[in-house]
Amino acid sequence: MAETGTGATKRITVFSDMSERVHYNIPELPIYAHCDPISAFADYRCPCHWHRDLEFVRVVSGTLHYFVNGHTVVMHAGDGLVVNSSRLHYSFSPERREAWLSCAVIGPGLFENLTTATGARCSRAFAQHMDDFLTLSPDVPWQRDALMDIERVVRLMPGGGRRGSQARDAAPAETSPDDPLPAVAAAIRLCDAVLDRFSPAGDGADAPGDDVGQRDRLAVLNMIGVIQQRFGEPLGLNDIAAAGGVSRSQCCILFRRYVGRTPGECLADRRLEEAKGMLAGTDASVAETARACGFSSSSYFISVFRRSFGMTPNAYRNTRA
Numbered sequence: 001m002a003e004t005g006t007g008a009t010k011r012i013t014v015f016s017d018m019s020e021r022v023h024y025n026i027p028e029l030p031i032y033a034h035c036d037p038i039s040a041f042a043d044y045r046c047p048c049h050w051h052r053d054l055e056f057v058r059v060v061s062g063t064l065h066y067f068v069n070g071h072t073v074v075m076h077a078g079d080g081l082v083v084n085s086s087r088l089h090y091s092f093s094p095e096r097r098e099a100w101l102s103c104a105v106i107g108p109g110l111f112e113n114l115t116t117a118t119g120a121r122c123s124r125a126f127a128q129h130m131d132d133f134l135t136l137s138p139d140v141p142w143q144r145d146a147l148m149d150i151e152r153v154v155r156l157m158p159g160g161g162r163r164g165s166q167a168r169d170a171a172p173a174e175t176s177p178d179d180p181l182p183a184v185a186a187a188i189r190l191c192d193a194v195l196d197r198f199s200p201a202g203d204g205a206d207a208p209g210d211d212v213g214q215r216d217r218l219a220v221l222n223m224i225g226v227i228q229q230r231f232g233e234p235l236g237l238n239d240i241a242a243a244g245g246v247s248r249s250q251c252c253i254l255f256r257r258y259v260g261r262t263p264g265e266c267l268a269d270r271r272l273e274e275a276k277g278m279l280a281g282t283d284a285s286v287a288e289t290a291r292a293c294g295f296s297s298s299s300y301f302i303s304v305f306r307r308s309f310g311m312t313p314n315a316y317r318n319t320r321a
């Protein structure tokens, strides 16, 4: 399990199988609703993850890239996206430029067991051969309504709204109420509006009866798992590929398709993530931190850290003191 964040602005918990434990506004109610800056994540990139929840996003300002199961969508202010259930995804800014996004993550447990018919709609929509995502444009009436409902959920959900020291760059913040019922109503309306919009994927990949896509995704999860668990060891491409039961070349192909990164980049990200936690939360020296996180030498660790975060490990530690 790993947690990342910048100050108190953003927290994300990702387990070794890349599933995320969503930090809902109210723990017992499966709705996450906030407006955050992409700079809340290290390197302007959210860790790759998945969850059963539907994820609704509207870009408030700037330009944002969203990677979903091998596809990258570029969104500008006013655009939006719905990520289907259990799809690998993450948001990022390749130019490291600020963007604000309103995000509503809504768990199916809120509505999928209401009736047999509702459950059947969910099962159909969430199937792996269905669309991985839907794009939302303010120029299409039903999509414009969905975009407005995303903002409504963020505004109405207790503990929601905009966070971070640069909140003035986004729309004016509004005080959220104490009663979650209006937000729940808006969240259910939002899910109802998109459930039947998911269609069978146009490329025929992962069609019913074809388990190739499922097998590839399982291989990726196994390979990510070995990175998450053994990052402190001298892990190589052979080790990562072996965890997925694939060749070195297929390993790289699958990472590019489903994660949008190389195996080496994912390994470096995990090591740096752990190093930041040690620098902020322990008295371990830079050399001890480098060894514990799998870096071959202190000098290499310092070089990679500076290149990724624009400062040395000691400078970073001083900012967290």
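Note that the sequence shown covers residues 1 to 321 in UniProt numbering. Backbone N, C-alpha and C define an ideal beta-carbon position, used for all residues, glycine too.
Unbroken beta strand (DSSP E) runs of length 3 or more, entirely within the stretch 35-100: which are they?
The stretch 35-100 contains, as complete beta strand (DSSP E) runs of 3+ residues, the segments 54-61, 63-68, 71-76, 80-83 and 89-92 (chain order).
Going by beta-carbon coordinates alone, are residue 190 and residue 56 separated by less than 8 angstroms?
When the beta-carbon positions are compared, residue 190 and residue 56 come within less than 8 angstroms of each other.
Run of the beta strand (DSSP E) containing residue 301, from where it starts to where it stops
That residue, residue 301, is in no beta strand (DSSP E); its alpha helix (DSSP H) goes 298-309.
Within its chain, find whatever has a CB closer than 8 angstroms to the CB of residue 298; leave out the 5 residues flanking it on each side and keep chain order.
Hits under 8 angstroms: 286, 287 and 290.
Would you kindly work out how many angstroms separate the C-alpha atoms of residue 127 and residue 306, rounded to a whole number?
As the crow flies, the alpha-carbon of residue 127 is around 42 angstroms from that of residue 306.
In the DSSP output, which residue or residues are listed as bridge partners for residue 200?
Answer by DSSP bridge pairing, in chain order: 130.
Hey, quick one: how far does the beta strand (DSSP E) through residue 338 stretch, first residue to last?
Residue 338 is absent from the model: the chain starts at 1 and stops at 321.
Measuring CB to CB, does residue 48 end up less than 8 angstroms from residue 101?
It is not a contact, given that the beta carbons lie outside the stated cut-off.
Quick one: give me the first and last residue of the alpha helix (DSSP H) that residue 14 is part of.
Taken as a continuous stretch (DSSP letters only), residue 14 belongs to no alpha helix (DSSP H), being part of the beta strand (DSSP E) at 12-14.
Within the same chain, show all residues whose beta-carbon is closer than 7 angstroms to that of residue 131, passing over the 5 residues directly before and after it, in chain order.
Counting only Cβ-Cβ distances below 7 angstroms, and skipping sequence neighbours, we find 84, 198, 199 and 201.
Spell out the partners DSSP gives residue 29 in its beta bridges.
26.
With a threshold of 16 other CB atoms inside 10 Å of the CB of residue 180, please say whether the residue is buried or exposed.
So residue 180 counts as buried.
Return yes when the Cβ of residue 315 is within less than 8 angstroms of the Cβ of residue 293, no when it is not.
With contacts defined as CB atoms closer than 8 angstroms, residue 293 and residue 315 fail to qualify as a contacting pair.
Are at least three pairs of beta-carbons, each pair with one atom in the stretch 59-72 and one in the stretch 243-252, less than 8 angstroms apart?
The answer is no - the stretch 243-252 does not touch the stretch 59-72, with fewer than three Cβ pairs under 8 angstroms.
Which term fits residue 50, buried or exposed, when burial requires 16 or more other beta carbons within 10 angstroms of its beta carbon?
Residue 50 should be labelled buried.
Reference residue 323; option with closest CA among 232, 158, 16 and 162:
A query on residue 323 cannot be resolved here, the shown segment of the chain reaching from 1 to 321 and no further.
Inter-residue spacing [alpha-carbon to alpha-carbon] between residue 152 and residue 178:
So the alpha carbons of these two residues sit roughly 15 angstroms apart.
Based on DSSP bridge pairs, tell me the residues matched to residue 103.
BP columns for residue 103 point to 34 and 57.
CA-CA distance, residue 109 and residue 30?
Within the model, the alpha-carbon separation for residue 109 versus residue 30 is close to 7 angstroms.
Please report the distance separating the alpha-carbon of residue 234 from that of residue 40.
Distance between residue 234 and residue 40, taken at the CA atoms: about 30 angstroms.
So the candidates are 162, 308 and 220; which of them puts its Cα closest to the Cα of residue 260?
Residue nearest to residue 260 within the set 162, 308 and 220 is 220 (criterion: CA-CA distance).
8 angstroms Cβ cutoff, residue 48 in contact with chain B
Reference to chain B is not applicable here, since this structure consists of a single protein chain.
How many Å lie between residue 238 and residue 245 at the Cα?
In this structure, the straight-line span from the alpha carbon of residue 238 to that of residue 245 is close to 10 angstroms.
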